[in-house]
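J.: The structure is given below, and queries will be raised subsequently.
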Amino acid sequence: MAWVLRFQPKAKDVRKYTELTNEELLNAQNIIFRVVQKECYSNEEIRKHLRGLQVFEDEEGILRFKYRLINEEESKYFISPIILQSKHLADIPLNNVSDLDQIEKTNIVLRWRYIQKVRENLKQRFKREYLGFLRSSVTKTEEKINVGDIVLIGTDDKKRLHWLLGRVLELFPGKDGIIRLVKLRTEKGNVLRPIQRVYLLELKPNYEQVVSENRKVLEVVTEYPELNTDSNKTVPVTSSGRKIKSFKRLDL
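Quick look at the structure:
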């Protein structure tokens with residue numbers, strides 16, 4: 010309504026491009042009030058209900074009524090409110106217009122770039138400060154079992170300490186070329202065990218070095234018989250005089 014009222018003198022006078030003033034808004038509001046009251050209270054039947062109230066018409070042609078309690082400190086909008094029907098509910102107008110918070114204008118592109126930069130910095134800090142302190146997973150390097158290796162034969166009914174030792178005699182690969190079955194020689198004979206039940210020893214000896222050292226010892230003993238002291242060994246006995254039998258090593 011206020012824009013319409015401004016448009017009337019716009020064609021004749023100087024054009025205004027500024028925002029609407031408070032005076033223009035109040036003028037448009039009063040026109041709306043007069044139109045609504047004329048529409049609602051034009052009928053005589055409805056005007057009869059207003060006779061019990063102290064109704065009067067102000068200088069702007071708007072119907073108002075007076076309160077019985079009048080305080081000089083109150084404004085005229087509170088002392089003499091405007092009469093409207095229930096279908097035209099309206100709040101009591103304020104004396105002044107509250108200040109609007111200034112909306113900050115931000116550039117969307119700059120804001121998006123800033124968010125992307127913050128995310129990238131967060132990722133870098135996460136990799137540097139958090140992932141760097143995590144313990145790296147240990148990759149197990151499975152050693153291949155070869156013929157002649159000394160292995161432990163695992164069983165579910167015995168502890169690891171009582172597992173049998175065996176020497177690998179033969180390997181049986183599957184159709185895919187992966188070893189599935191192992192033939193072993195133990196102190197109780199030859200057995201077949203799946204590869205999952207065979208465990209290599211933690212210390213794998215170098216058999217070529219052992220064989221070469223044994224050959225050197227045999228050569229020294231045969232070349233220098235006086236170094237062979239096996240014949241002069243005394244049999245160990247206990248305190249009661251019993252002979253201590255030497256244990257037999259597993260011939261693998």
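Be aware that the sequence shown starts at 10, since it is given in the numbering used here, and climbs by one per residue.
Ideal Cβ positions, reconstructed from N, Cα and C, are used throughout, including at glycine.
Are the region 168-182 and the region 124-134 touching, with three or more C-beta to C-beta distances below 8 Å?
T.: The answer is no - the region 124-134 does not touch the region 168-182, with fewer than three Cβ pairs under 8 Å.
J.: If you measure from the beta carbon of residue 164 to each beta carbon in chain C, is any gap under 9 Å?
T.: This model lacks chain C altogether, as it is built from one protein chain only.
J.: DSSP puts residue 252 in a beta bridge; with which residues?
T.: Residue 252 pairs with 246.
J.: On the DSSP letters alone, give me the boundaries of the alpha helix (DSSP H) that residue 47 sits inside.
T.: Looking at the DSSP string, the run of the alpha helix (DSSP H) that includes residue 47 is 31-49.
J.: Can you give the Cα-Cα distance for residue 185 and residue 192, rounded to whole angstroms?
T.: Cα to Cα, the separation comes out at about 19 Å.
J.: Measure the CB-CB distance between residue 210 and residue 160 and report whether it falls below 9 Å.
T.: Yes. Within cutoff.
J.: Could you check if residue 142 is buried or exposed, using at least 16 other CB atoms within 10 Å of its CB as the buried criterion?
T.: That one is exposed.
J.: Sorted by chain position, which residues of the same chain lie with C-beta nearer than 7 Å to residue 245's C-beta, five sequence neighbours on each side aside?
T.: Excluding positions up to five away in sequence, the list reads 253.
J.: What does the alpha-carbon distance come out to for the pair residue 94 and residue 45?
T.: Cα to Cα, the separation comes out at about 9 Å.
J.: Can you check DSSP and say which residues form a bridge with residue 139?
T.: For residue 139, which the question treats as bridged, DSSP gives no partner whatsoever.
J.: How far does the beta strand (DSSP E) with residue 160 in it reach, from first residue to last?
T.: Per DSSP, residue 160 belongs to the beta strand (DSSP E) from 159-162.
J.: Measuring CB to CB, does residue 51 end up less than 9 Å from residue 73?
T.: Not a contact, by the Cβ cut-off of 9 Å.
J.: Using only the alpha-carbon positions, how far apart do residue 65 and residue 57 sit?
T.: Taking the straight line joining both Cα atoms gives about 14 Å.
J.: Please determine, among 189, 75, 47 and 28, the residue with the shortest C-alpha to C-alpha distance to residue 153.
T.: With distances taken between Cα atoms, residue 153 lies closest to 189.
J.: Suppose the cutoff is 8 Å on Cβ atoms and the five residues either side in sequence are ignored; what does the same chain contact list for residue 71 look like?
T.: So the qualifying residues of the chain are 39, 42, 43, 46 and 91.
J.: Please state whether DSSP places residue 229 in a helix, a strand or coil.
T.: The predicted position of residue 229 is uncertain, since its pLDDT is 47 and thus under 50; no value can be drawn from it.
J.: Please name the residue in 206, 125, 199 and 135 whose C-alpha comes closest to that of residue 162.
T.: The shortest C-alpha separation from residue 162 is found at 206.
J.: Just how far apart, CA to CA, sit residue 170 and residue 139?
T.: Distance between the alpha carbons of residue 170 and residue 139 is about 42 Å.
J.: Let me check one thing: in DSSP terms, what residues is residue 72 bridge-paired to?
T.: According to DSSP, residue 72 bridges with 66.
J.: Please list, in chain order, all residues of the same chain as residue 67 whose beta carbon is under 6 Å from its beta carbon, the five residues on each side excluded.
T.: Once the five neighbours on either side are set aside, the close Cβ partners of residue 67 are 73.
J.: Could you spell out the range, first to last residue, of the beta strand (DSSP E) harbouring residue 179?
T.: Residue 179 -> beta strand (DSSP E) spans 173-182.
J.: Helix, strand or coil, according to DSSP, for residue 91 in the structure here?
T.: Residue 91: strand per DSSP, three-state reduction.
J.: Per DSSP, residue 208 is paired with what?
T.: DSSP, once it has assigned bridges, lists 161 as partnering residue 208.
J.: Whole angstroms is fine: what's the gap from residue 63's alpha carbon to residue 117's?
T.: Computed Cα separation, rounded: 58 Å.
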